[in-house]
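In this text, residue positions in the sequence shown follow my numbering: the first is 2, and each later residue adds one.
All C-beta atoms, glycine included, are put in the ideal place defined by N, C-alpha and C.
Computed from a prediction, not measured in an experiment: that's the story for all the values here.
Below is one structure, written out as structure tokens; comments come after it.
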Amino acid sequence: MGRAACSVCPRRCGAARPGGFCGMGYLPVVSRAAPHLWEEPCISGADGRGSGAVFFAGCSLRCVFCQNYEISALRRGTEVSVPRLREIFAALKAQGVHNINLVTGTHFAPVILEALTPPPGLPVVWNCGGYEAVDTLRRLEGAVQVYLPDMKYSDGALAGRLSGAADYPAVAKAAILEMFRQTGPYALDGDGMLTRGVLVRHLVLPGELDNTFGVLDWLAETFRPGDILVSLMGQYTPNGHGGPDRRLTEEEYRRAVDYMTALGLLEGYVQELSSAESAYTPAFDGTGVTLP
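Here it is in structure tokens:
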């Protein structure tokens, strides 16, 4: 995991950075670092303290429907050093957040790992798209307590068309299994906050219920009750850059929820479709990144 011949993500593009698939340099580019109130309740809490979300620019996927397109594709943010990233973690902790929530940090994993030494004193959440290299995840073992991956696709052709990663299903399955190996069954504290474990998210795409059913089938076949949490999201919002051009219908989401329930995936979360609003996407304006 060095500066040249990059193999941090499953692309294994071998680029000398800056460059390669993600187009980013070695040092992290951070777009926002602030308490975030809109994750699942076991991540953000219900007391207003929120999750200490650090949003990184760039991505190893190219999801045409990304709600964070401004930072994932346009790569807006500020480059920070390892000491500055540690200061950002400390500042979030001082604000009383429940955890340090690293959002889409895959391509910066080596430097993030440096910044997590010494540990920040709060649970660390690895919030990612699920497209992770197992050997990179193994280097994070012990530094990350909670994994919050997407499992976007069971359909490789759909993954290729919408995210530029036809190998996504196999890669995500291997990654999630490694995450679970590290954490074991999930654990909640007395306030219902996730202190250890894996919470898998799946966004139901309009017109693609078979893709959702395939994801849920794999989760139900692979994990036992009490192993992981599942968050079934209905917040798909067209962004004008590609992907389905409509929102999810109530009927589509109801069918997805009914299928999840029938499989016995009862530990986790479902959403109100009112969550499909751009207002839930924070302002990527550099909050918490640069020194005052």
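Closest Cα partner of residue i within the set the options
i, options, result
"residue 266", "205, 185, 227 and 284", "227"
"residue 85", "237, 37 and 118", "118"
"residue 145", "110, 170, 130 and 172", "110"
"residue 241", "19, 67 and 17", "67"
"residue 51", "37, 26, 128 and 201", "37"
"residue 116", "139, 82, 143 and 73", "82"
"residue 142", "113, 284 and 161", "113"
"residue 250", "288, 94 and 238", "238"
"residue 194", "41, 203 and 6", "41"
Limits of the unbroken alpha helix (DSSP H) element including residue i
i, result
"residue 72", "70–73"
"residue 83", "83–95"
"residue 112", "110–116"
First through last residue of the beta strand (DSSP E) which encompasses residue i
i, result
"residue 150", "147–150"
"residue 103", "101–104"
"residue 258", "Note, residue 258: premise wrong, no beta strand (DSSP E); alpha helix (DSSP H) at 251–263."
"residue 271", "Per DSSP, residue 271 belongs to no beta strand (DSSP E) and is neither H nor E."
"residue 126", "125–129"
Distance CB(residue i)-CB(residue j) smaller than 7 Å
i, j, result
"residue 274", "residue 235", "yes"
"residue 14", "residue 24", "no"
"residue 170", "residue 161", "no"
"residue 32", "residue 97", "no"
* To do: Ignoring anything shorter than 4 residues or poking outside the region 19–54, list the alpha helix (DSSP H) runs there in chain order.
  => If we require 4 residues or more, the alpha helix (DSSP H) runs fully inside the region 19–54 come out as 42–45.
* Asked: What are the uninterrupted segments assigned as beta strand (DSSP E) that are 3 or more residues long and contained completely in the region 171–246, given in chain order?
  -> 195–204 and 230–234
* Asked: Counting Cβ pairs closer than 8 Å, one from the region 56–63 and one from the region 96–107, do we hit at least three?
  -> The region 56–63 makes contact with the region 96–107, as at least three CB pairs between them are under 8 Å.
* Meets three-Cβ-pair contact criterion under 8 Å: the region 150–162 and the region 110–126 -> no
* To do: Evaluate the contact criterion for the region 200–219 versus the region 251–261: three or more CB pairs, one atom per stretch, below 8 Å.
  => yes
* Check whether the region 178–188 touches the region 216–231, taking contact to mean three or more Cβ pairs, one atom from each stretch, closer than 8 Å. => yes
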